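A.B. asks:
There are 2 protein chains.
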Amino acid sequence: MPYGDAMNARVRSEERRAEIVRAALEVIAERGYRGASLAAVAERVGLTQQGLLHYFPTKDALLVAVLKDRDQWDAVPATQWRVDLLASMVEYNAMRPGIIQTFSALLGESVTEGHPARGYFTGRYRQVRESMAAVLRAEYGERLPNGLTPERTAPLLVAVMDGLQYQWLLDPESVDMPGAFRDFLALLGEGA
Amino acid sequence: MPYGDAMNARVRSEERRAEIVRAALEVIAERGYRGASLAAVAERVGLTQQGLLHYFPTKDALLVAVLKDRDQWDAVPATQWRVDLLASMVEYNAMRPGIIQTFSALLGESVTEGHPARGYFTGRYRQVRESMAAVLRAEYGERLPNGLTPERTAPLLVAVMDGLQYQWLLDPESVDMPGAFRDFLALLGEGA
DNA sequence: AACGAAACCTACCGCGTTACAGGTAATGGA
DNA sequence: TCCATTACCTGTAACGCGGTAGGTTTCGTT
């Protein structure tokens with residue numbers, strides 16, 4: 001089976017890369033991107049730092065893979081989102097602090113000058129705002145409170161999600177993230 | 001003038017420290033705390049790295065001074081805040097991206113493990129939520145939309161401010177931070 | 001004039017960092 | 001069986017980092 005074995009090798013390599021990306025997510029959550037050393041990531045998958053560089057030639061390349069991984073992860077078609085699914089997602093997130101912490105840390109770093117993830121986040125947020133505006137329009141039409149348009153409401157929705165994450169990460173016992181998010185949604189529902 | 005000159009020396013020293021803190025704010029805005037080197041801060045005030053260590057014996061000590069500086073800055077008695085003043089503050093902030101960037105970067109870093117500013121932010125947000133709840137109560141009493149209490153609304157208010165800051169820092173031309181914040185306040189005013 | 005402290009500096013240490021160079025063992029296809 | 005590729009490793013270069021040690025100059029006080 002010529003192709004079968006070739007596949008096996010490729011699959012194994014791909015699995016290794018995925019394993020590394022997963023480890024990188026963890027280390028970034030713990031130390032941020034700047035604080036995450038290749039050696040620390042490598043150690044977590046049983047490699048030397050130089051062994052890791054065999055899979056990702058530079059640290060930035062690893063970060064790119066991490067970001068792509070996330071893109072793939074929540075690439076749900078925007079049309080399939082509904083507001084109550086957003087609430088469920090927030091609830092789900094509350095059970096996986098690791099990933100939230102990774103991307104909250106990255107988002108914070110990304111506003112600094114010349115950060116390799118800056119472009120990514122700028123583009124992503126532009127796109128997420130668009131998606132959210134579409135979701136809001138599908139759900140409420142133009143009947144949002146105070147004559148708000150979906151386009152003007154979307155940044156608020158996104159801001160609430162992100163802002164709550166920071167408060168929750170810093171002090172999970174004082175902040176009921178899913179509950180607060182539902183409160184916000186209720187605020188939007190008032191106009192209907 | 002024995003005491004007068006003594007004061008001059010002390011004042012000059014204090015001024016130097018303030019100058020250093022200001023420089024540190026800038027460098028942290030550009031590179032985050034982990035990425036900010038003492039040498040970079042020192043250079044900005046015309047000192048060597050070791051000369052800076054004469055004023056702040058460790059890097060952490062400098063960070064503490066930076067955080068204290070901020071505390072002092074917005075130590076307005078909570079009772080004097082009003083909701084429309086919050087809107088003004090957001091508007092004012094939109095003209096000073098540097099400081100916002102500093103503390104947005106620090107907030108992002110602070111959720112990582114063992115970050116020296118983590119305790120500070122945890123305590124600060126707890127306190128800010130309390131303040132905001134008081135402000136909301138003074139303004140709206142218990143008549144918030146949907147039967148929301150001030151205590152449950154405060155985290156949302158804080159989250160919107162922080163979340164908008166990130167979106168705005170990443171893409172100032174796409175995000176009207178003060179306008180969006182006013183939109184949110186209008187949402188709260190609906191119930192009155 | 002003499003002294004003590006403050007305000008710096010030079011020199012240096014030890015460590016951690018990314019990345020490059022080059023070698024080696026295993027693997028799998030021709 | 002041979003050979004190329006893959007998957008690592010050791011070694012090392014080159015640098016930046018926070019922090020220490022110890023000296024020197026400046027300055028205010030006595």
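As they're listed, the protein sequences go chains A and B.
Here the UniProt record's numbering is used: the first sequence runs in plain steps of one and ends on residue 192.
Here the UniProt record's numbering is used: the second sequence runs in plain steps of one and ends on residue 192.
Yeah, the Cβ is synthetic: ideal placement off N, Cα and C, and Gly gets one too.
Source: prediction; values computed, not measured.
1) Evaluate B/Gly163 with the Cβ neighbour count: other Cβ atoms within 10 Å of its Cβ, from every protein chain shown; 16 or more gives buried, anything less gives exposed.
2) If you measure from the CB of A/Pro155, is any heavy atom of the ligand MN nearer than 8 Å?
3) Given A/Leu106, which residues of its chain have a CB within under 7 Å of its CB, disregarding the five upstream and five downstream residues?
4) Using a threshold of 9 Å, state whether the C-beta atoms of A/Val45 and A/Leu53 are closer than that.
5) I want to see whether chain B comes within less than 9 Å of A/Ala18, judged by CB atoms only; does it?
6) Quick one: give me the first and last residue of the alpha helix (DSSP H) that B/Asn93 is part of.
7) Give me the Cβ distance between B/Tyr125 and A/Leu25, rounded to the nearest whole Å; I'm assuming they're in contact under 8 Å.
8) For B/Asp69, which residues from the same chain have a beta carbon less than 6 Å from its beta carbon, with the 5 sequence-adjacent residues on both sides left out?
9) Counting along the chain, where does the alpha helix (DSSP H) carrying A/Ser37 start and finish?
10) Secondary structure at B/Pro178, three-state DSSP: helix, strand or coil?
11) I need the straight-line Cα distance from B/Gly147 to A/Gly179, nearest angstrom please.
12) Using the C-alpha atoms, what's the distance from B/Gly114 back to B/Ala61?
13) Counting Cβ pairs closer than 8 Å, one from the stretch 87 to 101 of chain B and one from the stretch 130 to 149 of chain A, do we hit at least three?
14) Apart from the five residues on each side of it in sequence, which residues of its chain come closer than 6 Å, Cβ to Cβ, to A/Val135?
15) For a contact meaning CB atoms closer than 7 Å, what does B/Gly108 contact in chain A?
16) Here's a check: name, in chain order, each residue in its chain whose Cβ is nearer than 7 Å to the Cβ of B/Val83, leaving out the five neighbours to either side.
17) Is B/Arg31 close to chain A, meaning its C-beta is less than 9 Å from at least one C-beta of that chain?
18) Would you say A/Arg129 lies against chain B (beta-carbon separation less than 9 Å)?
19) Can you list the residues of chain B that A/Phe121 reaches, using a CB-CB cut of under 7 Å?
20) Between the alpha carbons of B/Phe121 and A/Ala65, how many angstroms are there, rounded?
C.D. replies: According to the data block:
1) A residue is called buried once 16 or more other Cβ atoms fall within 10 Å of its Cβ, and B/Gly163 is buried on that count.
2) The ligand MN is not part of the structure shown, which contains no ligands of any sort.
3) Contacts found: Ile28, Tyr33 and Ala117.
4) The Cβ-Cβ distance between A/Val45 and A/Leu53 does not fall below 9 Å.
5) A/Ala18 does not count as touching chain B.
6) Note, B/Asn93: alpha helix (DSSP H), Val83 to Asn93.
7) Rounded to the nearest angstrom, the Cβ distance from B/Tyr125 to A/Leu25 is 25 Å, too far for a contact under 8 Å.
8) Non-local C-beta neighbours of B/Asp69 in its own chain, meaning closer than 6 Å and more than five positions away in sequence, comprise Val21, ordered along the chain.
9) Following the DSSP letters along the chain, one finds A/Ser37 in no alpha helix (DSSP H), marked with neither H nor E.
10) DSSP places B/Pro178 in helix when its eight states are reduced to three.
11) As the crow flies, the alpha-carbon of B/Gly147 is around 14 Å from that of A/Gly179.
12) Looking at the two C-alpha atoms, the distance is approximately 15 Å.
13) Of all C-beta pairs linking the stretch 87 to 101 of chain B to the stretch 130 to 149 of chain A, fewer than three are shorter than 8 Å, placing the two stretches out of contact.
14) So the list reads Trp81, once near-sequence residues are dropped.
15) The contact set of B/Gly108 on chain A, defined by CB atoms closer than 7 Å, consists of Ser104, Ala105, Leu107, Gly108 and Glu109 in chain order.
16) Excluding positions up to five away in sequence, the list reads Val135, Glu139 and Leu185.
17) When Cβ-Cβ separations below 9 Å define contact, B/Arg31 makes contact with chain A.
18) Chain B contact via Cβ: present.
19) Among the residues of chain B, those whose CB is under 7 Å from the CB of A/Phe121 are Leu170, following chain order.
20) One C-alpha to the other measures close to 31 Å.
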